[in-house]
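Asker: Line order of the protein sequences matches chains V and W. Under the working numbering, the first residue of the first sequence carries the number 141, and numbering increases by one thereafter. Under the working numbering, the first residue of the second sequence carries the number 16, and numbering increases by one thereafter. From the three backbone atoms N, C-alpha and C, an ideal C-beta is built for every residue, glycine too.
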Amino acid sequence: MVVRRLGSGRGVTRNKATDGVTVISLLLLLWMFSDGGGIIFVEGGGSGRSNGGGGFWIGGGSPSNVGIAIALTAMAGLALAATLVYSHRFRFENVSYCFSAVYLFNYACVTSFVLLWFLLVENYSLVVLLSRGGLKSPWSRRRRKHALLPKQWKILFDTDGRLLDGGVKFLKKVRSGGVDPSLRAEVWPFLLGVLCQAGQRFCGCVRQCEGDGMALFYDLGSSKEERESIRTQKRKEYANLRRQCQQIVKPTERSFNMKGTFVNSNEDSGDFSQVLDSPGVDDVSAPLFPEKGSPVGQNSDNLVHGAASQTSTPLGERSLSGITCGIVSEADTDSSDSESSEDAEELQLFLTPERIQGDVDESAEDPTLDEHIKKSTISEAENRSKSQMAEDFSTWQRIIRLDAVRANDEWTVYSPSQVVVSTMKARRLAESVGLLDYDHLEPCRIFHAARLVAILEAYALYDSEIGYCQGMSDLLSPIISVMEKDHEAFWCFVGFMKKARHNFRLDEVGIRRQLNMVSKIIKGKDSNLYRHLEKLQAEDCFFVYRMVVVLFRREFNFEQTLCLWEVMWADQAAIRAGIAKSAWGRMRLRAPPTDDLLLYAVAACVLQRRKLIIEKYSSMDEIFRECNSMAGHLDVWKLLDDAHDLVVNLHDKI
Amino acid sequence: MASRRRMLLKVIILGDSGVGKTSLMNQYVNRKFSNQYKATIGADFLTKEVQFEDRLFTMQIWDTAGQERFQSLGVAFYRGADCCVLVYDVNVTKSFENLNNWREEFLIQASPSDPENFPFVVLGNKIDIDGGNSRVVSEKKARAWCASKGDIPYFETSAKEGFNVEVAFQCIAKNALKNEPEEELYLPDTIDVTGGGQQQRSTGCEC
């Protein structure tokens with residue numbers, strides 16, 4: 141009976157009232173007769189509910205005593221069957237009769253069940269075993285397990301501060317339950333692969349690791365000492381990015397263009413030569429990236445060329461003005477050169493071509509995307525001469541400031557330490573980043589907004605292909621709330637954006653691929669719904685656009701969003717670390733890790749409303765409205781359950 | 016027959032980020048103002064029942080993202096628009112300069128049958144700020160531009176104070192209606208929300 145309650149979770153008590161009576165009485169019994177087990181049980185249910193799910197799995201113990209467990213499982217199976225028959229029989233009769241009958245039965249079984257319970261929670265492999273056995277196991281449906289707790293986190297490391305077993309256990313834990321709020325600041329850099337960005341740019345790292353056949357395993361396998369040195373380095377890199385931001389646009393709001401600054405620095409100083417020699421750059425052909433290539437190719441003609449090709453587009457006017465700014469800013473050369481020898485190393489960061497290349501390499505995991513992107517790399521460059529030039533750094537800065545002051549205060553409840561910032565400190569920071577129009581905000585929100593500005597600007601410089609796009613502040617705000625130091629928040633954001641940045645690409649390849657994938661998942665799962673969408677000309681799934689772009693940030697509250705993101709990051713980290721292939725068979729979840737968990741969740745979200753959509757909605761507008769009004773109506777763990785189910789069923793087909 | 020049917024008027028609001036598109040829409044539909052609206056991602060819409068010359072209409076107002084990064088993705092909701100509202104912030108020159116781009120882009124993306132006569136309405140928003148002292152685009156300049164583009168109706172508004180918003184949207188509705196008869200000829204069924212809904216419901220069940 142315990143097992144039955146475990147597996148079916150809240151659904152039983154909610155949906156099947158008659159069943160519920162029996163179950164509740166048995167729960168009481170269990171509680172009376174087995175202190176230890178009962179208490180754990182009650183705790184599990186409680187915390188599960190508070191988290192919007194009915195999580196009962198406890199602890200991700202090491203696989204042990206499998207033999208005993210299997211034997212016991214067999215026994216439990218018999219007992220379970222008997223109990224089910226028993227309770228079913230008496231369901232409609234006198235409750236007390238039912239109570240006493242099952243009472244006797246259970247009394248006999250309680251001891252073995254409690255034992256089994258402990259073994260079960262220690263041995264998720266059993267679950268896999270059962271669920272693979274063709275039986276529709278009652279606990280194949282996952283509810284939220286407990287989040288990774290501090291005491292569990294501590295014992296995941298060896299004496300050098302290295303994650304045991306390369307982080308497999310760690311990722312398993314996070315995949316199924318997220319991370320305890322108190323641990324987030326410590327754990328996220330691991331999840332987001334911040335530590336793998338050590339010393340090198342993405343691409344170098346990716347290549348090197350792939351060459352070793354261990355694909356970024358280093359990330360999770362780093363020692364405490366290594367992480368310290370990486371952290372120091374990363375802090376310097378961030379400080380340099382910030383310095384660059386301040387150099388590009390002086391407080392007087394001169395509209396200098398970052399590209400212009402590049403050209404200047406490049407033309408006037410030889411420091412960039414060392415950039416050219418750095419690994420990973422030489423195989424990138426600068427001409428592919430006309431305007432970005434200029435610092436590498438030392439050819440400012442590219443800019444002029446780019447400008448000329450601009451005029452025919454509808455955006456020509458603006459683009460042109462952007463470029464003009466760039467050229468005008470040559471006057472600013474001195475200031476940007478003053479620190480260039482010191483900064484030269486850091487300036488490698490700005491050389492997006494190879495970073496882009498790195499991302500292309502990375503996305504090679506997805507064969508379709510791979511092709512697509514490789515083809516698009518060239519057209520992307522062409523496209524960019526049309527659209528990207530339309531947005532220059534000063535445009536980004538303006539929009540960043542706009543978005544920063546309208547970030548909401550939802551996070552304040554979760555980060556009390558950041559709420560107590562003094563007015564003075566907040567205003568000083570706001571001033572230093574040139575934030576305006578914040579008078580209506582409380583100090584903590586001014587401070588938050590100013591941090592958003594600082595980090596987003598730095599990111600726009602760091603990844604100038606993407607720059608800033610609305611929606612990015614939605615992604616950064618929760619990170620800032622968790623990571624109190626700007627440089628840490630920045631690098632976590634960079635890690636997050638490694639995947640998410642594709643959604644913001646100007647050539648639309650990324651977002652189209654995502655929407656297309658959601659469409660495919662829906663088609664694969666529910667052809668009726670898909671046909672209905674086709675009929676309404678909505679099969680492009682544009683209606684989930686916002687969910688995809690800000691990763692459910694507008695649908696879920698702060699805590700729910702972070703849970704979803706953590707689970708998603710753990711999947712991505714597992715793939716980066718190469719755990720995906722080797723160890724997923726032993727994972728509790730039947731679903732293998734996927735880079736696209738979010739898209740499965742989006743599709744699941746639409747599928748949850750299939751009936752409504754098919755029966756009631758007769759236009760794309762209505763579906764759009766529905767999807768844009770889901771805030772507060774979603775259960776993150778239910779959604780993840782459904783998403784994982786979709787992954788199980790469809791991942792090899794899509 | 017016509018009086019019984021409720022027509023759908025589709026209005027698209029375009030303009031740079033932060034000029035107040037969401038605020039204008041919410042002020043008109045819900046008579047509410049907040050300076051806490053988050054950036055619109057993609058698009059969103061609200062509907063409002065409007066009465067005009069004894070006929071009831073449903074005005075569907077589409078609020079769009081100000082950062083026009085994904086131009087071709089916008090096509091989906093530009094389609095079938097009856098009127099396009101161009102908004103700028105009277106305190107930000109660039110937002111005014113960009114009106115031309117927004118207009119041209121709309122005409123390209125929505126490709127209305129008669130682009131020359133497609134109804135636009137221009138709103139100069141945020142006239143309340145700093146008592147008008149921080150204003151950089153004069154009314155005269157704005158009107159001149161509107162005149163040069165085929166006499167586009169122009170209104171100065173404050174979404175914050177609700178100033179001129181109602182009047183502006185009445186004009187928008189009127190102009191959208193002008194566009195309507197033509198649309199009706201082409202797509203009579205999709206315009207009629209009530210009829211369309213019922214019709215779909217029955218087909219929906221067959222699925």
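(1) Between residue 705 (chain V) and residue 618 (chain V), is the Cβ-Cβ spacing less than 9 Å?
(2) So for residue 66 (chain W), helix, strand or coil by DSSP?
(3) Residue 75 (chain W) by DSSP, collapsed to three states: which one?
(4) Indicate whether at least one CB of chain V lies closer than 9 Å to the CB of residue 52 (chain W).
(5) Along chain V, in chain order, which residues have C-beta atoms closer than 9 Å to that of residue 60 (chain W)?
(6) Can you find at least 3 beta carbon pairs, one from the region 636-646 of chain V and one from the region 565-580 of chain V, that sit closer than 8 Å?
(7) Roughly how many angstroms lie between the CA atoms of residue 114 (chain W) and residue 132 (chain W), to the nearest whole one?
(8) Measuring alpha carbon to alpha carbon, tell me which residue in V:740, V:638, V:773 is nearest residue 700 (chain V).
(9) Can you name the residues of chain W whose CB is closer than 8 Å to the CB of residue 139 (chain V)?
(10) Within the continuous beta strand (DSSP E) that includes residue 24 (chain W), where are the two ends?
(11) Counting pairs of Cβ atoms below 8 Å between the region 736-746 of chain V and the region 358-372 of chain V, do you hit three or more?
(12) For the region 173-188 of chain W against the region 35-49 of chain W, are there 3 or more C-beta pairs whose distance is under 8 Å?
(13) Would you list the residues sitting across from residue 139 (chain W) in a DSSP beta bridge?
(14) By a C-beta neighbour count over all protein chains shown, 10 Å radius and 16 as the cutoff for buried, is residue 564 (chain V) buried or exposed?
(15) On the criterion of 16 or more Cβ atoms from any shown chain inside 10 Å, does residue 167 (chain W) qualify as buried, or is it exposed?
(16) Starting from residue 610 (chain V), find everything on chain W with Cβ-Cβ shorter than 7 Å and list it in chain order.
(17) Cα-Cα, which of V:310, V:288, V:599 is closest to residue 298 (chain V)?
(18) For the region 541-591 of chain V, list the alpha helix (DSSP H) runs that are entirely contained and at least 4 residues long, ordered along the chain.
(19) How about residue 688 (chain V) and residue 615 (chain V): are their beta carbons less than 9 Å apart?
(20) Secondary structure at residue 872 (chain V), three-state DSSP: helix, strand or coil?
(21) Assuming residue 547 (chain V) contacts residue 613 (chain V) (C-beta within less than 8 Å), just tell me the rounded distance between them.
(22) Please classify residue 288 (chain V): does DSSP put it in a helix, a strand, or coil?
(23) Would you be able to state if there are at least three C-beta pairs under 8 Å between the region 158-178 of chain W and the region 137-150 of chain W?
(24) By a C-beta neighbour count over all protein chains shown, 10 Å radius and 16 as the cutoff for buried, is residue 541 (chain V) buried or exposed?
(25) With distance defined between alpha-carbon atoms, name the residue in W:90, W:161, W:77, W:164 nearest to residue 23 (chain W).
(26) Answer yes or no: do residue 35 (chain W) and residue 102 (chain W) have a C-beta to C-beta separation smaller than 9 Å?
(27) Let me know the secondary structure DSSP gives residue 791 (chain V) once reduced to three states.
(28) Can you give me the start and stop residues for the alpha helix (DSSP H) that residue 95 (chain V) sits inside?
(29) For the candidate residues V:317, V:293, V:327, whose alpha-carbon lies nearest to that of residue 780 (chain V)?
(30) Thinking just about the alpha-carbon of each residue, which of V:604, V:567, V:622, V:597 is nearest to the one in residue 553 (chain V)?
(31) Taking the alpha-carbon of residue 568 (chain V) as reference, which of V:320, V:558, V:679, V:591 has the nearest alpha-carbon?
(32) Give the single residue among W:112, W:153, W:164, W:57 whose Cα lies nearest to the Cα of residue 27 (chain W).
(33) Where does residue 59 (chain W) fall in DSSP's three states?
(34) Among the residues of its own chain, which have a CB less than 6 Å from the CB of residue 789 (chain V), if the five just before and after it don't count?
(35) Which partner residues does residue 178 (chain W) have in the DSSP bridge list?
(36) What does residue 599 (chain V) reach in chain W if we use C-beta pairs closer than 8 Å?
Answerer: Well, looking at it:
(1) Translated into the one-based positions of the first sequence, residue 705 (chain V) becomes position 565. Translated into the one-based positions of the first sequence, residue 618 (chain V) becomes position 478. Contact: yes.
(2) Numbered from 1 along the second sequence, position 51 holds the residue referred to as residue 66 (chain W). Strand.
(3) Numbered from its first residue, the second sequence carries residue 75 (chain W) at position 60. Annotated three-state conformation of residue 75 (chain W) is strand, per DSSP.
(4) Within the second sequence, numbered from 1, the residue matching residue 52 (chain W) stands at position 37. So, interface residue.
(5) Residue numbering aside, residue 60 (chain W) sits at position 45 when the second sequence is read from its first letter. The contacting residues are 761, 764, 765, 768.
(6) Between the region 636-646 of chain V and the region 565-580 of chain V, the count of C-beta pairs closer than 8 Å stays below three; the two stretches do not touch.
(7) Counting from one through the second sequence, the residue named residue 114 (chain W) turns up at place 99. Counting from one through the second sequence, the residue named residue 132 (chain W) turns up at place 117. Approximately 17 Å, taken between the alpha carbons.
(8) For this step, residue 700 (chain V) is matched to residue 560 along the first sequence. Of the candidates V:740, V:638, V:773, the one whose C-alpha sits nearest the C-alpha of residue 700 (chain V) is V:773.
(9) Residue 139 (chain V) is absent from the structure shown; chain V starts at 141 and stops at 794.
(10) Taking the second sequence and counting its residues from 1, one reaches residue 24 (chain W) at position 9. Per DSSP, residue 24 (chain W) belongs to the beta strand (DSSP E) from 22-30.
(11) When C-beta atoms of the region 736-746 of chain V are compared with those of the region 358-372 of chain V, fewer than three pairs fall below 8 Å, so the two segments do not count as touching.
(12) Flag = yes, the region 173-188 of chain W and the region 35-49 of chain W touch.
(13) Here residue 139 (chain W) is taken as the residue at index 124 of the second sequence, counted from 1. Within the DSSP bridge table, the entry for residue 139 (chain W) names W:103, W:171 as partners.
(14) Along the first sequence, read from residue 1 onward, the residue named residue 564 (chain V) stands at position 424. By the C-beta density criterion, residue 564 (chain V) is exposed, having fewer than 16 other C-beta atoms within 10 angstroms.
(15) Mapped onto the second sequence, residue 167 (chain W) falls at position 152. By the 10 Å Cβ count, residue 167 (chain W) comes out buried.
(16) Walking along the first sequence from the start, residue 610 (chain V) turns up at place 470. One finds 32, 54, 56, 80, 82 in chain W with Cβ atoms closer than 7 Å to the Cβ of residue 610 (chain V), taken in chain order.
(17) Working through the first sequence from its first residue, we reach residue 298 (chain V) at position 158. When only C-alpha atoms are compared, the closest one is V:310.
(18) Runs of the alpha helix (DSSP H) lying entirely within the region 541-591 of chain V, each at least 4 residues long, are 556-559, 563-572 in chain order.
(19) Here residue 688 (chain V) refers to the residue found at position 548 when the first sequence is read from its first residue. Here residue 615 (chain V) refers to the residue found at position 475 when the first sequence is read from its first residue. Taking 9 Å as the Cβ cut-off, residue 688 (chain V) and residue 615 (chain V) do not qualify as a contacting pair.
(20) No information on residue 872 (chain V) is available, as it lies outside the stretch 141 to 794 that chain V covers here.
(21) Along the first sequence, read from residue 1 onward, the residue named residue 547 (chain V) stands at position 407. Along the first sequence, read from residue 1 onward, the residue named residue 613 (chain V) stands at position 473. Yes, they are in contact, since the Cβ atoms of residue 547 (chain V) and residue 613 (chain V) sit about 6 Å apart, within 8 Å.
(22) Along the first sequence, one-based indexing puts residue 288 (chain V) at 148. Strand, per DSSP.
(23) Counting Cβ pairs under 8 Å, three or more are found: they touch.
(24) For the purposes of this step, residue 541 (chain V) is taken as the residue at position 401 of the first sequence. That one is buried.
(25) Residue 23 (chain W) sits at position 8 when you count from the first residue of the second sequence. Checking every option, the nearest Cα to that of residue 23 (chain W) belongs to W:77.
(26) Translated into the one-based positions of the second sequence, residue 35 (chain W) becomes position 20. Translated into the one-based positions of the second sequence, residue 102 (chain W) becomes position 87. In contact: residue 35 (chain W) and residue 102 (chain W) (Cβ atoms closer than 9 Å).
(27) Taking the first sequence and counting its residues from 1, the one referred to as residue 791 (chain V) is at position 651. It is coil, neither helix nor strand.
(28) Lying before the first or after the last residue shown, residue 95 (chain V) is absent from chain V, which here runs from 141 to 794.
(29) The count along the first sequence starts at 1 and reaches residue 780 (chain V) at position 640. Minimum Cα distance to residue 780 (chain V) is reached at V:317.
(30) Taking the first sequence and counting its residues from 1, the one referred to as residue 553 (chain V) is at position 413. Comparing Cα-Cα distances from residue 553 (chain V) to each of V:604, V:567, V:622, V:597, the minimum goes to V:622.
(31) For this step, residue 568 (chain V) is matched to residue 428 along the first sequence. Residue V:591 is the option with its Cα nearest to residue 568 (chain V).
(32) Position 12 of the second sequence, counted from the start, is the residue given in the question as residue 27 (chain W). It is W:57 whose Cα lies nearest to the Cα of residue 27 (chain W).
(33) Here residue 59 (chain W) refers to the residue found at position 44 when the second sequence is read from its first residue. Of the three classes helix, strand and coil, the one that applies to residue 59 (chain W) here is strand, per DSSP.
(34) Position 649 of the first sequence, counted from the first residue, corresponds to residue 789 (chain V). So no residue of the chain qualifies.
(35) Taking the second sequence and counting its residues from 1, one reaches residue 178 (chain W) at position 163. In the DSSP assignment, residue 178 (chain W) forms a beta bridge with W:173.
(36) Position 459 of the first sequence, counted from the start, is the residue given in the question as residue 599 (chain V). In chain order: nothing, as chain W lies at least about 15 Å away.
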